[in-house]
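Numbering (the working numbering), first residue to last: 1 to 639. Read through the structure below, which is laid out as structure tokens, and then see the notes.
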């Protein structure tokens, strides 16, 4: 599902609900540039600190221009454990609206890297989309800065006085004339206010140009210094208004002004609301009327305030109880960009960065580390596409696509953030289940327990596995560790990606909007015939345009002249059917980590997040090309 600036707030409530109920959430970014090696740079391996400084400088220069988000639900339907994925693609606007920037006194400077632009264009990325359809956002630091600047503008005593030179005759004469004007106005108080419009005062015949910025500051300074508790000044276009002080009125004015600024900042927070939900931040300033818009054209629609309020409060309560597990591929760089874009200034050291990230996201899984944990000193093939390709014939756990999020059911769109986040979610589910079934992490857990026998925070999930060690793939395009792992698993049926797509499409057709026979035939005819995406001549040949049934748009009351209640279950923007998730307040999965089918074959599931498996694999970021090779986010392990 594509969610642009028009659809963002109408769909935000449902997204927050999905985040609050998700088993885990996978993220992927497309960037306007990345760190690059400078000429003359040493070819020796960097330290993690060196790599962090390099990525930090890039994050401060470039911006996130697209975000992919996949919410994964774990549902139990008639005893069959399955996973449901909801994938959304968000274009982000790296710039600030000109009017907004002026009003909030904010400026944002960013760059595009020529290599990144070329890469994006070769992958059919529309570079105009972030600016024409992109969702705005403010980081936490930008929001604080905007609020402080608004307060400063209301506190005129904070302005520094202008020092007037003794030989500046014209300025001295101008101030004397303003004093005379004020005295005359106070004597003859027919008007409640005095307008200072130019250096030529009203009793003089010679005209001069309008007040300059310097002149305005002089008038403000004069009144502030000599009539502090008696008069006040206000700037209006090309003049200065002087009027009597009304302390109560001034207090009300400043309060209303700050209220407007706060509301504007809240709405401009934009995509950061999703990051706040993931990081356990405050969602207090979200306003219900934001959701009452048509996601297609942004027009107002009818909404049930009690329903919206109950749903939002429920989502807030769930998110406060536990933060969603955050998953990504090659997360080290993405987390640096995320922090700079949505949180604030990056710390100088990777150690401090690690602490702050762990505070925001207590449980993080890097699927690149998951796939290369036992690779030793060799760098195996570990791109997202390569890892997901090795798992395509694995038929369990079962993964379904939610019927309102079918954009990628019959379409491959590599390097589109939404699609890559979906691949990351698939790798997370299939690979973790695979590794759990093999049980190769158990000896490592035993070593951990031997060094810290008092640690009882984790339990090993019940398991049955073959004692097959992970292989080590060669550098380059050789087999990944997953290839060797698959040899030790019980024999499974071979299933092509076409079969998987057919199953997913069947779910969408049975539960989602019905498509015509003609459109279904067209979709079937255009599907990729090979189970491998690399079977085509180029990566662009694998991108197909499908005539698929998409989510049903909500009709606005302007078009239908009928009020559409948010309680309507057919409205995907407000109440799309959710997965049934077994979840308690401490986020422990209520089902066993493995089940057996009628043939007594192991049916692997993802291991629960509180078990020993994640003690080995979670909170570790793979950073190839460095001395340390990974960054441990766990403060207990990192020391």
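In this text, a Cβ means the ideal position worked out from N, Cα and C, and glycines have one as well.
One or two residues paired with residue i in a DSSP bridge
i           : result
residue 91  : 66
residue 30  : 66
residue 626 : 46
residue 632 : 620
residue 74  : 83
residue 239 : 236
residue 193 : 243
residue 300 : 293
residue 441 : The partner list for residue 441 (beta bridge, DSSP) is empty, contrary to what the question assumes.
residue 135 : 92
residue 399 : 83
residue 366 : 328
residue 25  : 71, 326
residue 210 : 198
residue 344 : For residue 344, which the question treats as bridged, DSSP gives no partner whatsoever.
Integer-rounded CB distance, given that residue j should sit under 8 angstroms from residue i
i           : j           : result
residue 421 : residue 28  : 4 angstroms
residue 89  : residue 113 : That belief does not hold up - the Cβ atoms of residue 89 and residue 113 are roughly 22 angstroms apart, past 8 angstroms.
residue 367 : residue 387 : 7 angstroms
residue 358 : residue 635 : 6 angstroms
residue 331 : residue 391 : Rounded, the Cβ-Cβ distance is 19 angstroms, inconsistent with contact.
residue 365 : residue 409 : About 25 angstroms; that fails the 8 angstroms criterion.
Minimum C-alpha distance to residue i - residue among the options
i           : options            : result
residue 244 : 44, 117, 230       : 230
residue 47  : 632, 626, 195, 637 : 626
residue 436 : 617, 341, 369, 296 : 617
residue 13  : 365, 311, 324, 322 : 311
residue 25  : 4, 296, 69, 52     : 69
residue 111 : 103, 122, 93, 125  : 93
residue 153 : 443, 255, 329, 354 : 255
residue 237 : 218, 211, 223      : 211
residue 223 : 313, 6, 183        : 183
residue 191 : 174, 146, 242, 226 : 242
residue 350 : 127, 246, 57       : 57
residue 228 : 36, 333, 247       : 247
residue 161 : 169, 116, 226      : 226
residue 30  : 45, 9, 52, 62      : 62
residue 221 : 187, 179, 261      : 179
residue 262 : 147, 22, 353       : 147
residue 140 : 187, 121, 339, 397 : 339
residue 394 : 434, 355, 106, 408 : 434
residue 259 : 23, 411, 150       : 150
Own chain, CB closer than 6 angstroms to residue i, minus 5 neighbours either side, in chain order
i           : result
residue 86  : 18, 71, 402, 405
residue 318 : 20
residue 137 : 270, 271, 272
residue 329 : 367, 368, 384, 424
Residue burial classification, residue i (beta-carbon count within 10 angstroms, cutoff 16)
i           : result
residue 413 : buried
residue 142 : buried
residue 623 : buried
residue 132 : exposed
residue 3   : buried
residue 164 : exposed
residue 83  : buried
residue 253 : exposed
residue 108 : exposed
residue 302 : exposed
residue 172 : exposed
residue 214 : exposed
residue 594 : With a pLDDT of 40 at residue 594, under the threshold of 50, the predicted position of this residue should be treated as unreliable, though the coordinate-derived value follows. With 16 or more other Cβ atoms within 10 Å, it is buried.
residue 219 : buried
residue 432 : buried
residue 169 : exposed
7 angstroms Cβ shell around residue i - same chain, five flanking residues per side excluded
i           : result
residue 315 : 16, 17, 20
residue 234 : 241
residue 49  : 349, 350
residue 10  : 291, 293, 294, 295, 573
residue 362 : 323
Contact set for residue i: own chain, Cβ-Cβ below 8 angstroms, skip 5 residues either direction
i           : result
residue 130 : 65, 66, 91, 92, 93, 94
residue 630 : 369, 620, 621, 622, 623
residue 282 : 276
residue 444 : 616
residue 134 : 4, 5, 65, 91, 92, 93, 94
residue 416 : 30, 66, 68, 89, 123, 125
residue 266 : 285, 286, 287
residue 346 : 56, 59, 60, 336, 339, 340, 353
residue 8   : 90, 135, 270, 271
residue 305 : 288
C-beta neighbour in chain B for residue i, strict 9 angstroms
i           : result
residue 222 : Included in the structure is just one protein chain, with no chain B present.
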